[in-house]
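Notes for the one structure printed next.
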Amino acid sequence: MERFRLQVAPSALEDLRERLARTRFPDEPPLEPWSTGTSLGYLKDLVDYWRSGFDWRAQEAKLNRFAQYKAAVGGVELHFIHEPGRAPNPTPLLLMHGWPGSVWEFHRLIPLLTERFTVIAPSLPGFTLSFTPGQPRFGTIEMAEVFAELMARLGYARFGAQGGDWGASVATRLGYAFPERLIGIHLNLLSIRRDPDIAAASPEEAAYLAQLRHFMKEEAGYQAIQGTKPQTLAYGLSDSPAGLAAWIAEKFRSWSDEPIERDDLLANVSLYWFTGAIGSSFWPYYARVHQGWPIPEGGTIAVPLGYAEFPKEILRPPRSLAERTYTRIERWASMKKGGHFAALEQPHALAGEIEAFFRGRG
971 MERFRLQVAP
981 SALEDLRERL
991 ARTRFPDEPP
1001 LEPWSTGTSL
1011 GYLKDLVDYW
1021 RSGFDWRAQE
1031 AKLNRFAQYK
1041 AAVGGVELHF
1051 IHEPGRAPNP
1061 TPLLLMHGWP
1071 GSVWEFHRLI
1081 PLLTERFTVI
1091 APSLPGFTLS
1101 FTPGQPRFGT
1111 IEMAEVFAEL
1121 MARLGYARFG
1131 AQGGDWGASV
1141 ATRLGYAFPE
1151 RLIGIHLNLL
1161 SIRRDPDIAA
1171 ASPEEAAYLA
1181 QLRHFMKEEA
1191 GYQAIQGTKP
1201 QTLAYGLSDS
1211 PAGLAAWIAE
1221 KFRSWSDEPI
1231 ERDDLLANVS
1241 LYWFTGAIGS
1251 SFWPYYARVH
1261 QGWPIPEGGT
1271 IAVPLGYAEF
1281 PKEILRPPRS
1291 LAERTYTRIE
1301 RWASMKKGGH
1311 FAALEQPHAL
1321 AGEIEAFFRG
1331 RG
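With the working numbering applied, the sequence shown corresponds to residues 971 to 1332, in that order.
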């Protein structure tokens, strides 16, 4: 286990600026901007700012304020933040991001949590700083194994887990495979099977199934290609920073309650660009298509669960459906504002919910 400090080479910064200056943009269909994907006008402005206005070194310095490490775990050089809690006997909390996010999402959240928790925030295997070419490709099942081993190496026999997006799937898998290790899990996206053809038992379930059908028809194209032909997509996004920004920015816009700050968006995109990790970050989608969900059909999670339901989350199943998978839901909070990237959008609200759920556990 070694200390880590992020420092992108000056030559990589110059290469990025040169590529951005040579961007060849497509035209845009004569339809409403954003209705068919990332708006041309928006992307031109974003690329210009990324090339001439964005200060990567300032964002790099923010990340380097945290205690960062790398350790060989499960065949992967795993990057993680390990920030000690300030209170006596702080609860160890495994904090996990998703796609197309990174540990950058937590740069405001972690300082709020360390009053009560020791925070361990890894870059998911295959994502940004946990990627090296040729390493094993992992889905959420394997990620849970890696994180359980990491927490054991750090000396945490029992711990809490929190996540959204793929982080929620990994937390769910941990609750299924390692229930004796988990104090509890807290999610801001429920990792349940997405079957639009089940029978609705209530108006709330019917509304959710209609939402799910719309999502699968209009919003899930990225899942189809990332889950079936990820390598083909990786060529373009690994070679074109503008293409990478368009692919990621569209999700940040579609899934957020309010616009994400450009510096936050570009810090996240830049991590993918400098590490060359976009192709490997697709692998959980491929694994889900070919291996299935993180727990077997009919399996349940019996560890205590807390859930923060943000109003602009991509999918919001009703409690009656969630209870088929999570059998010990002990906190269900309907949040006032926020979306999929809750740690960036509403860090104080999310931190408050995490603290409220884990209070008294340990």
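Beta carbons: idealized from backbone N, C-alpha and C, even for Gly.
| task | Return the Cβ separation of L1182 and L1285 in integer angstroms, given the expectation that the two are a contact with Cβ distance under 8 Å. | result | With a Cβ gap of about 6 Å, L1182 and L1285 count as contacting.
| query | So, is A1114 buried or exposed, given that buried needs 16 or more other C-beta atoms within 10 angstroms? | reply | By the neighbour-count rule (16 or more Cβ atoms within 10 Å), A1114 is buried.
| message | Considering only the alpha carbon of each residue, which of N1034, I1168, L1157, H1310 lies closest to S1224? | response | Nearest C-alpha to S1224: H1310.
| message | To the nearest angstrom, how far is the alpha carbon of K1014 from that of A1215? | response | Those two C-alpha atoms are separated by around 11 Å.
| request: State the CB to CB distance for the pair A1131 and L1144, rounded to an integer number of angstroms; the pair is presumed to be in contact (CB under 8 Å). | output: Confirmed, Cβ separation roughly 5 Å.
| message | Rounded to the nearest angstrom, what separates D1165 and W1263 at their Cα positions? | response | One alpha carbon belongs to D1165, the other to W1263, and they sit about 12 Å apart.
| What residues are listed by DSSP as bridge partners for H1049? | According to DSSP, H1049 bridges with K1040.
| request: Output the distance between the C-alpha atoms of E1220 and P1058, rounded to the nearest integer angstrom. | output: Their backbone Cα atoms lie some 42 Å apart in a straight line.
| task | Using alpha carbons as the reference points, say which of E1315, L983, S1304, E1267 lies closest to R1294. | result | Of the candidates E1315, L983, S1304, E1267, E1267 places its Cα closest to the Cα of R1294.
| request: Within 10 angstroms of the Cβ of A1042, are there 16 or more other Cβ atoms? Answer buried if so, exposed if not. | output: When all chains shown are included, A1042 counts as exposed.
| In terms of residues, what are the limits of the alpha helix (DSSP H) holding F1328? | Note, F1328: alpha helix (DSSP H), 1317-1328.
| With respect to the alpha helix (DSSP H) encompassing T1295, which residues constitute its N-terminal and C-terminal limits? | For T1295, there is no enclosing alpha helix (DSSP H), since its DSSP letter is neither H nor E.
| What do you reckon, is the C-beta of F1036 under 7 Å from a heavy atom of the ligand FAD? | Summarising the ligand content, the structure contains no ligands, and the ligand FAD is consequently not present.
| request: Can you grab the Cα-Cα spacing for the pair P1211 / R994, in whole Å? | output: One Cα belongs to P1211, the other to R994, and the distance between them is close to 11 Å.
| task | Identify, in the order they occur along the chain, each residue of the same chain with its Cβ nearer than 7 Å to the Cβ of L1006, setting aside the five sequence neighbours on each side. | result | According to the sequence provided, residue 1006 is Thr. The question's Leu does not apply to it. In the same chain as T1006, and ignoring 5 residues on each side of it, the C-beta atoms closer than 7 Å to its own belong to P999, in chain order.
| With 16 as the cutoff for other CB atoms within 10 Å, does A1176 come out buried or exposed? | By the neighbour-count rule (16 or more Cβ atoms within 10 Å), A1176 is not buried but exposed.
| field | W1026, DSSP secondary structure in three states | value | Three-state result, W1026: helix.
| message | If the criterion is Cβ atoms closer than 8 Å, does the pair T1068 and D1135 meet it? | response | Before going further, note that residue 1068 is Gly rather than Thr in the sequence given. For the 8 Å CB-CB criterion, G1068 and D1135 form a contact.
| task | Locate the beta strand (DSSP E) running through G1133, then write down its first and last residues. | result | Unbroken beta strand (DSSP E) run through G1133: 1129-1133.
| task | Quick one: using the 10 Å Cβ neighbour count with 16 as the cut-off for buried, is Y1296 buried or exposed? | result | Per the 10 Å Cβ criterion, buried.
| said: Judging by CA-CA distance, which residue of W1020, L1179, R1107, V1239 is the nearest neighbour of L1207? | reply: The candidate whose alpha carbon is nearest that of L1207 is V1239.
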